[in-house]
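In this note's numbering, the protein residues as written are 182 to 590.
The beta carbon of each residue, even a glycine, is placed where N, CA and C say it ideally should be.
None of the values given here were measured: they were computed from a predicted structure.
Presented below is the structure to which this report refers.
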Amino acid sequence: MSTLRLTHSTQKLSGSCQLTGSKSESNRLLILQALFPELALKNLSNSDDTQAMQDGLASEKDIIDIGHAGTTMRFLTSYFATKPGVEKELTGSKRMQERPIKLLVDALTAMGAHIAYTKNEGYPPLRITGKQMRTDRIELAANVSSQYITSLMLVAPKLPQGLVIELKGEITSIPYINMTCSLLQKVGVQASFSGQTIRVLPQEKITPKTITVESDWSSASYHFSMVALAADAEVSINSFVADSLQGDSVLAEIYTQLGVQTTFDGHTLKLTKSRNRQPHISLDLIKAPDIAQTIVVTCFGLGVSCDLTGLHTLKIKETDRLVALENELTKLGAHIRVTQDSLHLEARKTPIIPDVAIDTYHDHRMAMAFAPLGLCVPIRINDAAVVSKSYPSFWEDLKLLGFLVETNK
């Protein structure tokens, strides 16, 4: 699959989709299952990242290539570092080898880990020799990716004295830390997150249990966007809970400003097009940066201006997502400005330029964030197969909702 061309003949959406489990929850729980085999899991994500995590945990090879899977790289670094007698080299794609990991490696080294860089200082690949950790307390900058913090939290129950993490400065992505803390508690580990301090107590075994992973709110974001951009829409997606652990569940509140009404019917999320939308939205997305791409593309399609802040972590994702958004939206006729941590979109006063080919930069979220614009104009998505990283059935689900998805000639 190279380039797909998307159109929609009616601009009306009706149907239902089943989303698999949250990638964020799945990958956390897979590490916990590796530490506590008494744990059984249902509704795991079918994403490439989760497959990479499963393959990495099961691999007996000395060198493990995790491709583009950033979560897998960070979580497995701590996992292998705290397994005495284990020797592994963790590597990944060219982009993965450009994504920083020094803060996590420094923290683990301070705890007694033995990790060496095999190419460039501060970046994968890593050569990891598993050791028994000798410390039960670590300080970490609070404005780093929450995945560094989560990586340490997940292995903490198997450390001899558990772990206390003191966070210094303003904390980024609090919902993801809360998610990790809640999942540890759900599994049966004593964990707390209060103020600037995270505490995880040691735990030898847990009571056998089964956990069903909630479906992925990040993946649901594209359905919110489609409903907002449609002329009329009523879409159902499974399986969700109203008191979600996922920070991206703030979508339901945000999209009321963009003309989407959200209701729950049991574990089914029902999205309905409403006529109430704001001419401008201003959001601090420091707690949910992964939905920024979807929101700004929705705003562009609707002709709504927006100011989005709290986006500094987007600079070190699969691509520099802020620059990528500026590049691709400009192709469509947008007037947009980005900084190191914010994005500012003017209200659109001219028609969207049709049949533009959107470059995706090896980033699944770029492909899926721009796809809903096919409701407004014909649009082409390059490297469309990249969606498999988090949502492999995305293009098939679009067809269920009436999109014409054609391979571009």
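**Message:** If you reduce the DSSP assignment to three classes, tell me which class I533 lands in.
**Reply:** Per DSSP, reduced to three states, the secondary structure at I533 is coil, with no helix or strand assignment.
**Request:** Please determine, among L382, T353, Y436, the residue with the shortest C-alpha to C-alpha distance to Q342.
**Result:** L382
**Message:** Whole angstroms are fine: how far does the CA of R380 sit from the CA of Y436?
**Reply:** 35 Å
**Item:** Which residues DSSP lists as bridging L439, in chain order
**Value:** R458
**Asked** Using DSSP with H/G/I as helix, E/B as strand and the rest coil, what is H189?
**Response** strand
**Start-to-end residues for the beta strand (DSSP E) that takes in R276** = Per DSSP, R276 belongs to no beta strand (DSSP E) and is neither H nor E.
**Request:** Could you tell me whether the region 303-310 touches the region 321-331, using the rule of 3 or more Cβ pairs below 8 Å?
**Result:** With the cut-off at 8 Å, the region 303-310 and the region 321-331 do not touch.
**Request:** Following the continuous alpha helix (DSSP H) through D578, name the residue where it begins and the one where it ends.
**Result:** 575-581
**Request:** Could you work out which residue in Q366, E507, A215, V408 is closest to G196 when comparing CA atoms only?
**Result:** V408
**Message:** Taking the alpha carbon of Q384 as the reference point, which residue from L187, Q366, S274 has its own alpha carbon closest?
**Reply:** Measuring from the Cα of Q384, the nearest candidate turns out to be Q366.
**Request:** Note down, in chain order, each residue of its chain lying with its Cβ closer than 7 Å to the Cβ of S332, except the 5 sequence neighbours on either side.
**Result:** Only R255, F256, T258, S259, L285 meet the Cβ criterion.
**G482, DSSP secondary structure in three states** = The answer is helix: DSSP assigns G482 an H, G or I state.
**Asked** Where do the N-terminal and C-terminal ends of the beta strand (DSSP E) with E507 fall, by residue?
**Response** No beta strand (DSSP E) holds E507; the alpha helix (DSSP H) holding it covers 502-512.
**Message:** Quick check: the Cα distance between S203 and H543, rounded to an integer number of angstroms?
**Reply:** 20 Å
**Prompt:** Taking the alpha-carbon positions, what's the I346 to F374 distance?
**Reply:** 9 Å
**Prompt:** Contact between the region 206-218 and the region 573-581: three or more CB pairs below 8 Å?
**Reply:** no
**Request:** Output the residue ranges of the beta strand (DSSP E) runs that lie fully inside the region 284-367 and measure 3 residues or longer, sorted by chain position.
**Result:** 295-298, 307-310, 318-322, 344-349
**Asked** According to the neighbour-count rule (16 or more other Cβ atoms, all chains shown, within 10 Å of its Cβ), is Q427 buried or exposed?
**Response** buried
**Request:** Count the CB pairs spanning the region 286-299 and the region 231-249 that are closer than 8 Å, and state whether there are at least three.
**Result:** Between the region 286-299 and the region 231-249 there are fewer than three inter-stretch CB-CB distances shorter than 8 Å, so the stretches are not counted as touching.
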